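Chains as they are written, first to last, in my numbering: chain A, 1 to 116; chain B, 117 to 232. Working notes, structure below.
There are 2 protein chains.
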Amino acid sequence: MKKSSKKKEYKKLDKTYHVFFTNLANPLKINIILSLKRKKKSVTELSKSLNIEQSKISHALTSLKCCKIVHAKKKGRKRIYELNKETILPMFKLINKHAKTVCKGDCVCKGDCTIK
Amino acid sequence: MKKSSKKKEYKKLDKTYHVFFTNLANPLKINIILSLKRKKKSVTELSKSLNIEQSKISHALTSLKCCKIVHAKKKGRKRIYELNKETILPMFKLINKHAKTVCKGDCVCKGDCTIK
DNA sequence: TTTTCATATGAAAGAGAATTCATATTTATT
DNA sequence: AATAAATATGAATTCTCTTTCATATGAAAA
């Protein structure tokens, strides 16, 4: 792209969409969300239960926190991360339904899709 | 990443999430969706109304079609693309609500976010 | 107050998706 | 049949996000 950066296309209000969906387009972050769905956890707990290196978890949580998909509260030297379920859970439900009713199982896009 | 590719972390069912959200994490595709929300259009019509080069539109539509966010029907030598609104519109509503109620306007993540 | 535990941060490297551009394909029109 | 119009495709490049890893910061424990 020449002049205007890609995000500029979104204008103001749509930066939200970009950050939100970019977060959800990431496997690790989805796994974090699914893990927090069950129970709030510290960084170390997430790191251990998902078997993922700590700083990776931290970076991921930073983005998730940014658009308030999660929020954190201090507890001693830990930070307990909690999922903001109000938006995420209904959103997952929508996709699950989409997968079942619209895609009817073949949503997995074999070969013809530019996304791997 | 060493062995397993990133998508593998998703296991089976979650490929859907990845393709779906990766599509939505893209400004052009969001703009296409918003344009089709108003009225179904051919590739050329989209290209002109968004002022974006044709093949770019085509590539974008291919991915969107893949996970059935849009679908196309032939009409002469044109392809009329139509938005599958059932999933997308409720999803946008969720985010709009999230932006208003949860983020209260500061969802734009200034600087502290890893996502540009 | 030094050590240890917990988390965050920065920057370089890596990976994946978007863009570009040339060209192929497909369908209509003449 | 040849041309034109509409769309699709492939591959190289570019762009953006993620990963990595070393290290910094902050808070409790010894």
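Just so you know, even glycine gets a beta-carbon here, dropped at the ideal spot from N, CA and C. On a predicted model such as this, the values are computed, not experimentally measured, just so you know.
Note down, in chain order, each residue of its chain lying with its Cβ closer than 6 Å to the Cβ of residue i, except the 5 sequence neighbours on either side.
i                 : result
Asn212 of chain B : none
Asp112 of chain A : none
Leu28 of chain A  : Ala60
Going by C-alpha distance, which of the options is nearest residue i?
i                 : options                                   : result
Ile146 of chain B : B:Gln170, B:Leu177 and B:Tyr133           : B:Leu177
Val159 of chain B : B:Arg195, B:Lys209, B:Lys201 and B:Lys220 : B:Arg195
Lys157 of chain B : B:Lys216, B:Leu205, B:Leu144 and B:Leu199 : B:Leu199
Ser151 of chain B : B:Leu205, B:Lys191, B:Asp130 and B:Lys190 : B:Leu205
Lys220 of chain B : A:Ile52, A:Cys67, A:Lys116 and A:Gly76    : A:Cys67
Val218 of chain B : A:Lys100, A:Lys85, A:Ile32 and A:Tyr81    : A:Lys85
Lys56 of chain A  : A:His98, A:Ala99 and A:Asn26              : A:Asn26
Ala99 of chain A  : B:Ile185, B:Ala215 and B:Lys155           : B:Ile185
Leaving out five residues before and five after residue i in sequence, what residues of the same chain have Cβ atoms less than 7 Å from its Cβ?
i                : result
Lys65 of chain A : His71 and Ala72
Val19 of chain A : Cys66 and Cys67
Can you check whether the CB of residue j is closer than 7 Å to the CB of residue i?
i                : j                 : result
Ser63 of chain A : Gln54 of chain A  : no
Thr87 of chain A : Leu140 of chain B : no
Phe21 of chain A : Phe208 of chain B : no
By Cβ distance below 8 Å, which residues in the same chain neighbour residue i in space, the five residues on each side in sequence not counted?
i                 : result
Ser165 of chain B : Ser151 and Lys157
So if DSSP puts residue i in a beta bridge, which residue, or which two residues, is it bridged to?
i                 : result
Ala188 of chain B : B:Tyr197
Leu47 of chain A  : The displayed chain sequence assigns Ser, not Leu, to residue 47 of chain A. DSSP, once it has assigned bridges, lists no residue as partnering Ser47 of chain A.
Lys104 of chain A : Paired residue(s): none; Lys104 of chain A is not in a bridge.
* Asked: Any residues in the segment 56 to 70 of chain A with a beta carbon nearer than 7 Å to a beta carbon of chain B? Which ones, in chain order?
  -> Flagged, chain order: His59, Thr62, Ser63, Cys66, Cys67 and Lys68.
* Taking only beta carbons into account, state which residues of the segment 78 to 91 of chain A come closer than 8 Å to chain B, listed in chain order. => When C-beta distances to chain B are compared with 8 Å, the residues of the segment 78 to 91 of chain A below that value are Asn84, Glu86, Thr87, Pro90 and Met91, in chain order.
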